[in-house]
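K.L.:
For the sequence shown, the numbering used here gives the first residue as 56, with consecutive numbering after it.
We put the beta carbon where it would ideally sit given N, CA and C, even for glycine.
Please find one structure pasted underneath; my questions will follow.
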Amino acid sequence: MTNTKPVRLLGWLCGTLVLSLLLGWSIYSGAQAMGYEWQWPRVLPFLGEWDEGTFYAGPLLNGLLVTLQVALLSLLGTLAVGICVVSLRLLPSRLGPLLAIAYLGLVRTTPQLVQLYILYFLLGPMLGLAPLTCAVLSLSLYQGAFTAEVLRAGIKAIPQGQWEAARTLGLSRAITLRKVILPQLVRITLPPLTNELVSLIKHSALVSVIAIFDLTNEGRTLVADTFLTFEVWFTVAALYLLLTLTLSGCARLLARYLDPEQQGRQS
C-alpha cells in the first residue's frame with residue numbers, strides 16, 4: 056500500500072507557499088498603493104544586536120520572553136483548574152457537579168477581557184495581587200474551563216472495561232490510574248490540549264492591556280515611537296507564529312512517541 060504521508064506533506068507545503076506568496080503580494084501591492092516606504096533594517100535592533108561579542112536582546116525578544124513566562128505559568132494553572140473542575144464533575148454527589156457546571160457556564164459565557172478587568176481592577180487591589188498574578192489567574196481560569204471539558208471527554212472515551220479489568224487483576228485504584236488510565240488519557244487528549252495551549256498563547260496578548268510588557272505591548276509601544284506599523288506588527292505576528300508552530304511540532308512528536316503503533320513500527 057502506497058504511503059500517502061509524503062504526498063500530503065508536499066501538498067500542504069505547496070499550498071502554504073502559494074498562500075504565503077499571494078498574501079505577501081497583496082500586502083506589498085496595498086502598501087505600494089498607499090505610498091508606504093518599507094524600512095525593514097530598522098526592525099533588526101528591536102530583536103537584538105551584538106556589541107563587542109555580547110548579544111543584547113531587544114524589546115521584541117524581551118517581550119517574547121515575558122509572553123513565554125505568562126504562557127507557561129498559565130499552562131500550569133490551566134491544568135490545575137481543569138483537573139479540579141473535571142474532578143468535581145465526576146463526583147458522585149450533586150454539589151460537586153453543580154459547582155463545576157456553574158463555573159463553566161459563568162466563565163465560558165463572559166468575555167475574557169471583562170474577566171481580566173474584574174481581576175485586575177477589582178480583586179487585584181483588594182487581595183494585593185500583582186499584574187502578572189492577575190494575568191496568569193485570568194488566563195488559567197478562562198482556559199481551564201475548556202481544558203476541563205477536554206479532560207472529561209478523554210476520561211469518558213476510555214472504556215469502562217479498562218477499570219473492571221484492572222480491578223479483576225487486583226490493581227489498586229492509584230495504580231490503575233497511573234498505569235492504565237493516565238497513559239491512554241494523555242494519548243487521547245494531547246491533540247486537543249495542544250490546541251488549548253496554542254489558544255492560550257494567542258489569548259496571552261490580552262494581558263498587554265494591564266501594563267504587562269509582553270510581545271504585543273512591546274510591539275504597540277514600538278509602533279507608537281517609530282511609526283513602523285507594518286514592519287513591527289508583521290515581526291510580532293511572525294514571532295507568535297514561530298512560537299505556536301514550534302509547540303505544535305513538539306506536541307506532534309510527543310504524540311508519535313506515545314503512539315503504540317508507531318513504537319511497534321520502529322521496533
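Find out if the Cβ-Cβ distance for the pair Leu115, Leu102 is shorter than 7 Å.
P.N.:
Numbered from 1 along the sequence shown, position 60 holds the residue referred to as residue 115. Numbered from 1 along the sequence shown, position 47 holds the residue referred to as residue 102. In this structure, Leu102 lies closer than 7 Å to Leu115 by Cβ.
K.L.:
Spatial neighbours of Ala112 within its chain, please: C-beta separation below 7 Å, excluding the five flanking residues on both sides.
P.N.:
Position 57 of the sequence shown, counting from 1, holds the residue named residue 112. If we look at Ala112 and ignore the five residues flanking it on each side, its Cβ neighbours are Gly103.
K.L.:
Whole-angstrom Cβ separation of Ser303 and Thr249, contact assumed at under 8 Å?
P.N.:
Residue numbering aside, residue 303 sits at position 248 when the sequence shown is read from its first letter. Residue numbering aside, residue 249 sits at position 194 when the sequence shown is read from its first letter. Confirmed, Cβ separation roughly 6 Å.
K.L.:
With Tyr111 as the anchor, note down where its beta strand (DSSP E) starts and where it stops.
P.N.:
Locating residue 111 in the sequence shown gives position 56, counting from the first residue. Here the beta strand (DSSP E) through Tyr111 covers Thr109 to Ala112.
K.L.:
Nearest by alpha-carbon distance to Val262: which of Ala190, Leu297 and Leu206 is it?
P.N.:
The residue you call residue 262 lines up with position 207 of the sequence shown. Nearest option by C-alpha distance: Ala190.
K.L.:
When you compare only the Cα positions, how much space is there between Ser142 and Thr301?
P.N.:
Residue numbering aside, residue 142 sits at position 87 when the sequence shown is read from its first letter. Residue numbering aside, residue 301 sits at position 246 when the sequence shown is read from its first letter. So the alpha carbons of these two residues sit roughly 31 Å apart.
K.L.:
Can you say whether Val73 is buried or exposed, counting buried as having 16 or more other CB atoms within 10 angstroms of its CB?
P.N.:
By 1-based counting over the sequence shown, the position of residue 73 is 18. Its Cβ having fewer than 16 others within 10 Å, Val73 is exposed.
K.L.:
Below 7 Å between beta carbons: does that hold for Gln255 and Gln167?
P.N.:
Within the sequence shown, the letter at position 200 stands for residue 255. Within the sequence shown, the letter at position 112 stands for residue 167. The displayed chain sequence assigns Leu, not Gln, to residue 255. Against a cut-off of 7 Å, the Cβ pair of Gln167 and Leu255 comes out as no contact.
K.L.:
In the DSSP assignment, find the beta strand (DSSP E) that holds Gly179 and state where it starts and stops.
P.N.:
One-based indexing of the sequence shown puts residue 179 at position 124. No beta strand (DSSP E) holds Gly179; the alpha helix (DSSP H) holding it covers Gly179 to Leu182.
K.L.:
With Gly103 as the anchor, note down where its beta strand (DSSP E) starts and where it stops.
P.N.:
For the purposes of this step, residue 103 is taken as residue 48 along the sequence shown, with counting starting at 1. Gly103 -> beta strand (DSSP E) spans Gly103 to Asp106.
K.L.:
Using C-beta distances below 7 Å, list every residue in its chain close to Gly137, excluding the 5 sequence neighbours before and after it, in chain order.
P.N.:
Start at 1 with the first residue of the sequence shown, and residue 137 comes out as number 82. Excluding residues within five positions, the ones whose Cβ falls inside 7 Å are Gly199, Thr202, Ala203 and Leu206.
K.L.:
Can you name the start and end residues of the alpha helix (DSSP H) that Trp218 belongs to?
P.N.:
Residue mapping note: residue 218 aligns to position 163 of the sequence shown, counting from 1. Taken as a continuous stretch (DSSP letters only), the alpha helix (DSSP H) holding Trp218 covers Gln215 to Thr223.
K.L.:
Looking only at its own chain, which residues have a Cβ that is under 8 Å from the Cβ of Ile213, when we skip the five neighbours before and after it?
P.N.:
Start at 1 with the first residue of the sequence shown, and residue 213 comes out as number 158. If we look at Ile213 and ignore the five residues flanking it on each side, its Cβ neighbours are Ile236, Gln239, Leu240 and Ile243.
K.L.:
Any idea if Arg144 is buried or exposed, counting beta-carbon neighbours within 10 angstroms, 16 or more meaning buried?
P.N.:
Taking the sequence shown and counting its residues from 1, one reaches residue 144 at position 89. Arg144 is buried by the Cβ-count criterion.
K.L.:
In angstroms with no decimal places, state the Cα-to-Cα distance between Phe282 and Ala266.
P.N.:
Within the sequence shown, the letter at position 227 stands for residue 282. Within the sequence shown, the letter at position 211 stands for residue 266. Their backbone Cα atoms lie some 21 Å apart in a straight line.
K.L.:
What does the alpha-carbon distance come out to for the pair Ala157 and Arg149?
P.N.:
For the purposes of this step, residue 157 is taken as the residue at position 102 of the sequence shown. For the purposes of this step, residue 149 is taken as the residue at position 94 of the sequence shown. Spanning the two alpha carbons is a distance of roughly 12 Å.
K.L.:
Could you tell me which of Leu308, Leu297 and Phe285 sits nearest to Gly79, measuring between CA atoms?
P.N.:
As a position in the sequence shown, residue 79 is number 24, starting the count at 1. That would be Phe285, whose Cα lies nearest to the Cα of Gly79.
K.L.:
Does the Cβ of Ser129 have 16 or more other Cβ atoms within 10 Å, making it buried, or fewer, making it exposed?
P.N.:
One-based indexing of the sequence shown puts residue 129 at position 74. Answer is buried; the Cβ neighbour count reaches 16.
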